[in-house]
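Asker: Sequence order for the protein chains is A and B. Counting in this note's numbering, the first sequence runs from 4 upward without gaps. Counting in this note's numbering, the second sequence runs from 4 upward without gaps.
There are 2 protein chains.
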Amino acid sequence: MEEKKIKEILHQAGLKYTPGRAALIAFLWETSRPLTQEEISLGLKGSGLNKVSIYRALDSFLQAGLVHRIESGDRVWKFAFCGCGSRGHCHPHFICRSCGKVECLTKMHLPEVAAADQGYVIEEQEVYFKGLCPGCS
Amino acid sequence: MEEKKIKEILHQAGLKYTPGRAALIAFLWETSRPLTQEEISLGLKGSGLNKVSIYRALDSFLQAGLVHRIESGDRVWKFAFCGCGSRGHCHPHFICRSCGKVECLTKMHLPEVAAADQGYVIEEQEVYFKGLCPGCS
DNA sequence: CACTAAACGCAATTGAGTTGCGTTTATAAT
DNA sequence: ATTATAAACGCAACTCAATTGCGTTTAGTG
Ligand SMILES: [Mn+2]
Ligand SMILES: [Mn+2]
Ligand SMILES: [Zn+2]
Ligand SMILES: [Zn+2]
C-alpha cells in the first residue's frame, strides 16, 4: 500500500502517522490473513514496533474499525486489516484444525440477521468454519 | 438430573463416575448456559472439584462430546452441557456486550454448510450473535 | 523553534489455563 | 471381601499471551 493511502487512513481514524504504524498497516495489508502479534513481530523484523506497541496500535485500529480480531480456539488473538469500516466482522473465517491457519472468506457475505427473540438486539455476528485447508486435506 | 442418568452418561463416555463429576454435570445441566471455570467453582462451593480438576473434567467431557466450549471475546472459556453428541456446535450463541452473559440459542439450528472452495473440508461451524440481551437493552 | 498530547520501549505484572507429582479412589479381577 | 491398577484428584509451581506503569521520544500544530 502506498504511503499516501496509509497517511489518509490514519488521519481519517484520528491517529498519528508513525513509521511503525505504517509498516504494521502495510504488512497486514499485503499478508491479508489474520496474524498473531508474534507473526507480525517476525514479519516486521527490526523496522517494526515493540511487542507492547503492536498490541496498542492494534487496539486503536480495532476501535477505529481498521482491523478485526479473531480468536481461533487457542486463546491467541489474530488481527487482519479490514477496509469495511465496521467494528465487527463482515465475512466468515476459515480455521484449519491441522495447521492453525486462519483465512478471511471475503468472497462470502454474512446473511442479514433475522430478528431474534423479543428483547435481543443483535449488533454483529461472527461466523467460523473449522476443518482442513487445501494444504492439509 | 438423576444420578442414574449421570452414571449412564459417564459410562457411555468411558469415564469413571465420581461425586465431583456428577456435581459438575448436574450443575451445567441445571444452569443450561455456558459457564466459566470460576462460575462453576462458585456454583459448586465445597461439594465441587478443585480448579485443575474442573478443567481436566471439562476437557474429557469435551473430547467425549458431552460439553461444548465457547470463547466469547475476553479470552475466558465458557462450557455448556450439550446432549447433541457432536464435538462441535449444533446451535448459535448469543453474547451480550454489556453484561457478558452467553446464551445457547438451542432453538436455532445451524444451516448445512455449503461446499466451500476447492480443497477445503468444513467439519464444523461456530456462529455467534453479539449485541444486547433483554436485561441490558 | 517551542509546546503538548500521543506514541513508544522496557520491565514488571496479571491471570486463565497447564504441568508435575504424589495421593486418593473408582472399578473390575481375584 | 480383598487386591490390583488405572483413572481421578489436589496442591504448588509453572506458562505465556496480554496488560500496566512509567519515564522517554516523537508527531503534529502554531
Ligand atoms: Mn477477516
Ligand atoms: Mn451452546
Ligand atoms: Zn491447514
Ligand atoms: Zn446483557
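All C-beta atoms in this analysis are idealised placements derived from N, C-alpha and C, irrespective of residue type, glycine included.
1. Taking 7 Å as the cut-off, does the CB of residue 94 of chain B come closer than this to any heavy atom belonging to ligand 2?
2. Could you check whether the stretch 40 to 51 of chain A touches the stretch 106 to 115 of chain A, counting it as contact only if at least three pairs of C-beta atoms, one from each stretch, sit closer than 8 Å?
3. With a cut-off of 8 Å on the beta carbons, I'd call residue 134 of chain B and residue 123 of chain A a contact; round off their distance for me.
4. Check for me: the alpha helix (DSSP H) holding residue 127 of chain A runs from which residue to which?
5. Taking only heavy atoms of ligand 3 into account, decide whether any of them is closer than 7 Å to the Cβ of residue 101 of chain A.
6. Give the residues whose C-beta lies closer than 5 Å to at least one heavy atom of ligand 5, in chain order.
7. Can you find a heavy atom of ligand 3 that lies under 7 Å from the Cβ of residue 138 of chain A?
8. I need the straight-line Cα distance from residue 137 of chain A to residue 68 of chain A, nearest angstrom please.
9. At a CB-CB cut-off below 7 Å, which residues of chain B make contact with residue 131 of chain A?
10. For the beta strand (DSSP E) that residue 16 of chain B lies in, which residues bound it at each end?
11. Starting from residue 55 of chain B and walking both ways along the alpha helix (DSSP H), at which residues does that stretch end?
12. For chain A, find out if any of its Cβ atoms is closer than 8 Å to the Cβ of residue 45 of chain B; answer yes or no.
13. Are any of the Cβ atoms in chain B nearer than 8 Å to that of residue 140 of chain A?
14. If distances are taken between C-alpha atoms only, which option among B:73, B:28, B:70 comes closest to residue 52 of chain B?
15. Hey, residue 129 of chain A and residue 36 of chain A are a contact pair by Cβ (cut 8 Å); roughly how many whole angstroms apart?
16. I'd like to confirm the pairing. Which residues does DSSP put opposite residue 38 of chain A in its beta bridges?
17. May I ask you to check if the CB of residue 47 of chain B is nearer than 7 Å to at least one heavy atom of ligand 4?
18. Under the assumption that residue 132 of chain A contacts residue 95 of chain A (Cβ atoms under 8 Å), give the Cβ distance between them as a whole number of angstroms.
19. Given that residue 103 of chain A touches chain B, what residues does it touch there, using C-beta distances under 9 Å?
20. Check residue 106 of chain B in the structure and name its three-state DSSP category.
21. Does ligand 3 have a heavy atom nearer than 7 Å to the CB of residue 81 of chain A?
22. Using the C-alpha atoms, what's the distance from residue 93 of chain B back to residue 10 of chain B?
23. Ligand 2 and residue 85 of chain B: does any heavy atom of the ligand fall closer than 7 Å to the residue's C-beta?
Answerer: Let me lay it out:
1. yes
2. no
3. 7 Å
4. Note, residue 127 of chain A: premise wrong, no alpha helix (DSSP H); beta strand (DSSP E) at 124 to 135.
5. yes
6. Of the ligands one can find in the structure shown, namely ligand 1, ligand 2, ligand 3 and ligand 4, none is ligand 5.
7. Within 7 Å of the C-beta of residue 138 of chain A there is at least one heavy atom belonging to ligand 3.
8. 30 Å
9. In chain order: 128, 129.
10. Per DSSP, residue 16 of chain B belongs to no beta strand (DSSP E) and is neither H nor E.
11. 54 to 67
12. no
13. yes
14. B:28
15. 17 Å between Cβ atoms; not a contact.
16. Beta-bridge pairing links residue 38 of chain A to A:82.
17. no
18. 6 Å
19. Chain B residues near residue 103 of chain A: none, gap ~15 Å exceeds 9 Å.
20. strand
21. no
22. 24 Å
23. At least one heavy atom of ligand 2 is nearer than 7 Å to the Cβ of residue 85 of chain B, so yes.
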